[in-house]
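Sequential numbering of the sequence shown, starting at 14, is according to this note's numbering.
Ideal Cβ placement from N, Cα and C applies to all residues, glycine included.
Beneath this line is the structure, given in structure tokens, with notes to follow.
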Amino acid sequence: MKFQHCQLPSGLTLIAETNPAVHSVAAGFFVRAGSRDETEEISGVSHFLEHMAFKGDDRFSADDINRVFDEIGAKYNASTSEEVTMYYAAVLPEYLERALELLSALLQPALRQEDFDMEKNVILEEISMYEDQPSFTCYDHIMATHFNGHPLGQSILGSQASITALTSEQMRRYHASRYHTGNIVLAVAGNCDFDQLLQLVEKHCSRIPAGITHRTIPDFNPQQTVSLLTRESSVQQHLMQMGPAPRGSDPLRFAAELLSVIVGDDSGSRLFWELVDPGHVETCDLGFSEYDGDGAWMSYLSCAPDDAAANLERCAQVFAEVNTRGVTSEELEQARNKVASRIVLRGERPMGRLSSLGSNWLYRQEYRSIADDMKIIRSVTQEQIHQLLQKYPLRMTTTAGVGPLSTL
Numbered sequence: 014m015k016f017q018h019c020q021l022p023s024g025l026t027l028i029a030e031t032n033p034a035v036h037s038v039a040a041g042f043f044v045r046a047g048s049r050d051e052t053e054e055i056s057g058v059s060h061f062l063e064h065m066a067f068k069g070d071d072r073f074s075a076d077d078i079n080r081v082f083d084e085i086g087a088k089y090n091a092s093t094s095e096e097v098t099m100y101y102a103a104v105l106p107e108y109l110e111r112a113l114e115l116l117s118a119l120l121q122p123a124l125r126q127e128d129f130d131m132e133k134n135v136i137l138e139e140i141s142m143y144e145d146q147p148s149f150t151c152y153d154h155i156m157a158t159h160f161n162g163h164p165l166g167q168s169i170l171g172s173q174a175s176i177t178a179l180t181s182e183q184m185r186r187y188h189a190s191r192y193h194t195g196n197i198v199l200a201v202a203g204n205c206d207f208d209q210l211l212q213l214v215e216k217h218c219s220r221i222p223a224g225i226t227h228r229t230i231p232d233f234n235p236q237q238t239v240s241l242l243t244r245e246s247s248v249q250q251h252l253m254q255m256g257p258a259p260r261g262s263d264p265l266r267f268a269a270e271l272l273s274v275i276v277g278d279d280s281g282s283r284l285f286w287e288l289v290d291p292g293h294v295e296t297c298d299l300g301f302s303e304y305d306g307d308g309a310w311m312s313y314l315s316c317a318p319d320d321a322a323a324n325l326e327r328c329a330q331v332f333a334e335v336n337t338r339g340v341t342s343e344e345l346e347q348a349r350n351k352v353a354s355r356i357v358l359r360g361e362r363p364m365g366r367l368s369s370l371g372s373n374w375l376y377r378q379e380y381r382s383i384a385d386d387m388k389i390i391r392s393v394t395q396e397q398i399h400q401l402l403q404k405y406p407l408r409m410t411t412t413a414g415v416g417p418l419s420t421l
């Protein structure tokens, strides 16, 4: 494998990890545009815009885009998060040019009024669908509660009110402010020649306008908060907790990833053995999320409403034990093996490498090979876990819930 990168005269960054030993190639545009880049008035516009991208530009109709992707056998899609919108496709190497042509078209959609009106109804239906899922509602609620007043508290989908009020002109202004070369990384992984790739990018990506928009990263200090949304019809109580953790640029993020596996992986973790295996809860886990300028521990559990308070106390005891005593060498080695296996298994496919490549460059202008990732994970020590816990203990400042309970 070989890594190469360059910045085109337009300002677009191209990065590629070429590997002639594989039989496919994946390409993706990573746009620094997500729900945190919106105002409350246009909440949900990033995700809505992602949908509109597939409605076509002045060269391709919506039918053209989907038909040609299907004709070349592509695995293609898009996704929106708090911080990134990603458009991607995995294809056979001989169809890379066609895929790049279509992907570049997605970045400059026509945003026709009739398409906007039709897709708005689709988005509203999607919001209604997710509102019927307590775990999703709980996630949106805790993000809004924990990051109260901070851009990371914005819902990815937006609300019924914000989407209903959104206009196509507002979307056009947002698109013009975020979708330009200084805000986009094109990542490619798999079987391709870099020089030929560069020629294809110069040919098909020249329509992306030049420019850059800097992201606002305000300071944030979470407050101790408990907030419950009562749904009497819900059979289970869904509870999430959040607390401060390393930001995306903090070297302690690697130790945080391993600690989250030790404490809250879906099997073989402390929360699994203390709460899931004995049958106290249906599910319980702990994750670590890194963002621009911030980071968070996030735990989740679902259980019978009558057991909610007791299970939160069980979680608190697990967290307190880790904060006080740290982790064992056996736990750390198991976590290293789990994470290393996931890195390798995901990285054996170009599509699996793509997300890591693009995200690392968009956030940190950094390339790490699979071997680099393995070395970093293998090098995390108990002392680093201790340093992590000294700075970012498992101390949850925010609790949010969805279910029958009105109090805990």
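Within the same chain, show all residues whose beta-carbon is closer than 8 Å to that of Leu265, passing over the 5 residues directly before and after it, in chain order. Pro259, Gln397, Gln400, Leu401, Lys404, Tyr405
Take the Cβ of Glu30 as the centre, count every other Cβ of all protein chains shown within 10 Å, and call the residue buried at 16 or more, exposed below. Buried.
Inspect the CB distances between the segment 185 to 193 and the segment 284 to 295 and report whether three or more fall short of 8 Å. As far as the Cβ criterion goes, the segment 185 to 193 does not touch the segment 284 to 295, which means the pair count is below three.
Are Leu120 and Phe42 closer than 8 Å when you measure CB to CB? yes
Phe160 versus Phe233 - alpha carbon distance: 8 Å
Ignore the nearest five residues each way along the sequence and tell me which others in Gln126's own chain have a CB closer than 6 Å to its CB. Ser181
Burial state of Ile275 (16 or more Cβ within 10 Å): buried
Compare the beta carbon distance of Gly256 and Thr410 with 8 Å and say whether it is the shorter of the two. yes
Could you name the residues that DSSP lists as bridge partners for His251? Ser315, Val415
Which ranges does the alpha helix (DSSP H) cover as unbroken runs of at least 4 residues, wholly within the segment 137 to 177, from first to last along the chain? 147 to 159
Look at the Cβ atom of Ser37, then the Cβ atom of His154, and state whether they are nearer than 8 Å. no
Give me whichever residues DSSP pairs with His18 in a beta bridge. Ile28
According to the neighbour-count rule (16 or more other Cβ atoms, all chains shown, within 10 Å of its Cβ), is Ser246 buried or exposed? exposed
What are the start and end residues of the beta strand (DSSP E) that includes Phe43? 38 to 44
Indicate the three-state DSSP secondary structure (helix, strand or coil) for Pro257 in the structure shown. strand
Pick from Ala91, Glu110, Leu62 that is closest to Gln183, judged by C-alpha positions: Leu62
So, helix, strand or coil for Ala87, using DSSP? coil
Pull up the CB-CB distance for Glu132 and His64, whole angstroms please, since I reckon it's below 8 Å. 5 Å
Quick check on DSSP: helix, strand or coil for Met409? coil
Runs of beta strand (DSSP E) wholly within the segment 339 to 380 (minimum 3 residues, chain order): none
If you follow the beta strand (DSSP E) that Phe301 is part of, which residue opens it and which one closes it? Phe301 -> beta strand (DSSP E) spans 296 to 304.
According to DSSP, is Asp278 helix, strand or coil? coil
Identity of the residues DSSP links to Trp286 by a beta bridge: Beta-bridge pairing links Trp286 to no other residue.
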